[in-house]
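Here is the structure we will look at.
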Amino acid sequence: MLPPKISTCLFCSFKAARQQQSFLQWPSQQTASVSTKFASRPNRMSLAPFRRVSTPESSPGEAARPNRRRQDGPFGGMNQREANIRGIPERVTSQRPAQDRNGKWTSRRDREDPRAGGFKALKMQRALAPVSYNARTRIKEQIAAIESFEQFPLITAIKASISSQALQGMQDINPTPVQRIAIPALLGSEDAVRKTRKIVQEKGEFLIAAETGSGKTLAYLLPTMNAVKLAEAEDEDIKEYNEALQQEKLEMALQPSLAPSISEMPHPTTGRPRAIILVPTSELVAQVGGLVKAFSHTVKFRSAMISSNVSGQVIRNRLFSPRGIDILVATPHLLSSIADSDPNILSRVTHLIVDEADSLLDRGFSPLTSAIIDKATPSLKQLILCSATIPRSMDNYLRKRFPDIHRLVTPNLHAIPRRVQLGVVDVDREPYKGNKNLACADTIWTIGKAAAEHDGPVKGQMDVKRILVFVNERETTQEVAEYLVSKGIDAIALSRDTPEQRQSEMLASFTLSTPLTAPKEDHPGSLADNQPNYVPFGKVAPPVKRKLPNTKVLVTTDLGSRGIDTLAVRHVILYDVPHSTIDFIHRLGRTGRMGRRGRGIVLVGKHDRKDVVAEVRDGMYKGQALI
Ligand SMILES: Nc1ncnc2c1ncn2[C@@H]1O[C@H](COP(=O)(O)OP(=O)(O)OP(=O)(O)O)[C@@H](O)[C@H]1O
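Numbered per full-length UniProt numbering, the sequence shown finishes at 627, counting up by one with no gaps.
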């Protein structure tokens with residue numbers, strides 16, 4: 001017998017959910033609606049108004065009483081309503097109240113984190129460092145005056161290359177908020193943009209923090225290339241080398257029999273790059289390295305990218321090419337092992353960029369990254385940390401290690417854009433009955449079916465939807481991918497166990513922004529029409545009747561969530577509820593990039609934190625920064 005069909009189309013529900021703010025009714029909400037219904041009926045007996053007896057504020061004469069939670073003494077820690085076990089201790093600061101614009105008195109904590117009020121479940125984690133409302137407003141005002149890349153004092157070749165090399169085919173290119181904030185600050189250009197404070201120093205430390213998919217790469221790359229080119233023009237060694245090369249060319253023209261000598265000598269920058277960009281994975285080396293290479297053709301500098309994807313010989317050839325090297329893109333693992341055997345590699349570095357700093361400064365990577373920073377420090381002029389989130393752990397590390405770091409933060413940091421909708425699928429309900437794999441497959445079939453109802457970008461072709469499925473454990477990737485394949489879905493697993501070469505190939509079709517199409521055919525409909533969800537014990541499941549023709553699915557862990565520019569992805573399925581808001585931000589950040597729209601779908605089971613999901617969803621709906 002076929003299982004009951006899912007009566008509601010997932011995407012009709014999305015729309016309705018947007019209006020109702022509820023894809024799934026949480027128990028608390030249900031209770032609330034019931035109580036409102038009853039409240040509107042006339043009552044024979046009425047109870048006294050509800051009062052929380054445990055709340056001292058609700059009792060009269062509260063102003064006269066001291067705040068018990070702040071009271072010192074042996075019983076100071078009792079009767080607290082917030083455990084705050086995992087949170088870091090508050091910094092001792094003045095608790096002096098202040099007045100906001102409306103004349104309302106607020107405490108310092110409220111002012112730092114005024115929108116965190118509704119996040120009860122997330123408060124237990126407090127994974128992200130707060131950014132004050134005032135700071136966000138101030139930044140908005142600062143960047144309002146910047147409208148064009150022309151306003152930045154970049155060299156002409158770089159300005160011209162923005163549209164030809166980085167943002168090809170785009171019309172009306174304007175800097176994004178993070179670029180408006182970071183580029184003038186890194187260039188130290190007060191004249192060009194008056195309202196931007198001059199903050200660059202001889203040795204500058206910067207933290208660039210902005211939402212996912214907001215153009216952070218160009219924000220640090222344009223000023224870095226500018227600095228490299230300016231330094232090259234002033235470098236005495238390079239001047240001498242170029243003059244000798246010029247002289248040799250002249251002599252060779254007069255006496256062609258002379259063997260070249262200078263041109264065979266290594267360039268002064270050989271094996272000693274001026275700028276290094278560190279990224280956590282080989283995929284990101286390829287992504288960022290590709291962009292740097294594209295600029296190098298028109299701006300005229302030498303770049304190289306190294307990762308464990310290429311052989312040792314290729315790495316050596318790239319690093320020690322006699323033509324020299326100006327900008328190097330590498331992973332910390334590889335660079336630190338090279339620096340151990342050849343410390344010279346870091347001896348001329350003036351610009352060190354740590355991209356995805358929230359990953360590269362966490363427990364796993366931190367010793368390597370810190371060691372590289374230490375070794376590069378003597379020659380360093382700018383250290384640029386770049387991240388989509390500021391986790392509390394990183395915030396603490398920065399306060400200790402780089403107390404004077406300039407924080408270049410966008411007004412919407414830690415908020416998932418409202419153009420990304422989050423739907424919730426209750427795995428425990430019919431017809432899934434706790435089968436998360438089935439819920440995942442059905443969700444993908446629903447996406448495919450909905451897409452087939454509209455014309456694709458090419459006539460006679462169907463649009464192929466690229467979907468990312470995120471799981472928490474890498475062991476699960478293969479299992480989920482195999483299940484999806486058994487349900488007729490084109491799915492592959494990507495985890496650390498996948499060979500690196502294969503990882504890049506897999507990600508390639510998810511990063512291409514060009515549309516992917518398939519020949520238009522009768523769509524097989526929904527999963528339930530094609531696949532029995534229930535196979536009696538002892539029987540073998542019948543073969544797949546029809547395959548889903550218009551979706552491509554990648555099942556992955558965090559590996560696929562950091563930095564990868566998955567412009568083509570419109571749907572992200574969170575198979576597991578992410579462990580923290582940091583993971584929510586990165587995973588949902590693979591869709592809705594650079595102003596595009598996107599959809600996230602969380603599969604929530606019996607053991608998942610529904611309260612956390614509800615709060616994240618509510619925060620997204622309201623456009624609030626997560627905490
Ligand atoms: N000024 C701009 N106008 C339009 N598109 C831009 C602009 N700057 C960058 N982009 C595009 O936006 C996309 C995202 O950029 P990028 O990868 O730098 O984002 P990000 O902030 O580093 O994201 P993540 O936090 O996920 O690493 C890229 O495809 C890039 O080409």
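Glycine is no exception: its CB is placed at the ideal position from the N, C-alpha and C atoms. Because the structure is a prediction, the values reported are computed rather than measured.
Q. For H333, which of D326, R323, G364 and L319 has the nearest alpha-carbon?
A. The shortest C-alpha separation from H333 is found at G364.
Q. Is the closest heavy atom of ligand 1 to the C-beta of D362 under 7 Å?
A. Taken from the Cβ of D362, every heavy atom of ligand 1 lies 7 Å or farther away.
Q.
For Q168, count the other beta carbons within 10 Å of its own beta carbon; 16 or more makes it buried, fewer makes it exposed. Which is it?
A. With a threshold of 16 other beta carbon atoms within 10 Å, Q168 falls short and is exposed.
Q) What residue from P322, V464 and L588 has the CA that sits closest to R418's CA? A) Comparing Cα positions, the closest option is L588.
Q: Output the boundary residues of the alpha helix (DSSP H) element that contains T224.
A: DSSP places T224 in the uninterrupted alpha helix (DSSP H) bounded by K216 to E234.
Q) Quick one: is the Cβ of N412 within less than 7 Å of any heavy atom of ligand 1? A) The answer is no for N412.
Q | Residue from T591, I373, I158 and S214 with nearest C-alpha to I345 | A | Comparing Cα positions, the closest option is I373.
**Q.** Euclidean distance between Cα positions of L222 and Q165
**A.** Cα-Cα distance, rounded: 12 Å.
Q: Return the chain-ordered ranges of every beta strand (DSSP E) run that is complete within the region 293-349 and spans a minimum of 3 residues.
A: Runs of the beta strand (DSSP E) inside the region 293-349: 303-306 and 327-330.
Q) When every heavy atom of ligand 1 is checked, does at least one fall within less than 7 Å of the C-beta of T217? A) The answer is yes for T217.
Q | CA-to-CA distance, D355 to P266, given in whole angstroms | A | Rounded to the nearest angstrom, the two C-alpha atoms are 30 Å apart.
Q: With DSSP as the reference, please indicate the residues paired to L207 in a beta bridge.
A: Note: L207 sits in a beta bridge opposite L385 and R407.
Q. Are there three or more Cβ pairs, one per stretch, closer than 8 Å when the region 489-509 is compared with the region 543-563?
A. When Cβ pairs closer than 8 Å are counted between the two stretches, the region 489-509 is seen to touch the region 543-563, the count reaching three or more.
Q. Near S580, which residues of its chain fall below 7 Å by C-beta distance, leaving aside the five closest residues on each side in sequence?
A. Same-chain partners within the cutoff: Q125 and A127.
Q. Regarding A388 and ligand 1, is the C-beta to nearest heavy atom distance less than 7 Å?
A. For ligand 1, at least one heavy atom lies less than 7 Å from the Cβ of A388.
Q.
Helix, strand or coil for P391? Go by DSSP, reduced to three states.
A. The DSSP-derived three-state label of P391 is strand.
Q: Determine the direct distance from the alpha carbon of L186 to that of I405, and round the result to whole angstroms.
A: Rounded to the nearest angstrom, the gap between the Cα atoms of I405 and L186 is 12 Å.
Q) Would A227 be called buried (16 or more neighbouring beta carbons within 10 Å of its own) or exposed? A) Counting Cβ neighbours within 10 Å, A227 comes out buried, since at least 16 surround it.
Q) Going by the C-beta, is T176 closer than 7 Å to any heavy atom of ligand 1? A) Yes, since a heavy atom of ligand 1 falls inside the 7 Å radius drawn around the Cβ of T176.
Q | Rounded straight-line distance, which links the Cα of V424 to that of S307 | A | One C-alpha to the other measures close to 38 Å.
Q.
R593 and S572 - do their beta-carbons sit closer together than 8 Å?
A. It is worth fixing the name first, because residue 572 is Val in this sequence and not Ser. Contact flag unset, no.
Q: Assign M620 to one of two classes, buried (16 or more other C-beta atoms within 10 Å of its C-beta) or exposed (fewer than that).
A: The residue is buried, with at least 16 neighbouring Cβ atoms inside 10 Å.
Q: List the endpoints of the continuous alpha helix (DSSP H) containing G448.
A: Secondary structure note for G448: its alpha helix (DSSP H) is the uninterrupted segment K436 to A452.
Q) M170: buried (16+ other C-beta within 10 angstroms of its C-beta) or exposed? A) With fewer than 16 Cβ atoms within 10 Å of its Cβ, M170 is classed as exposed.
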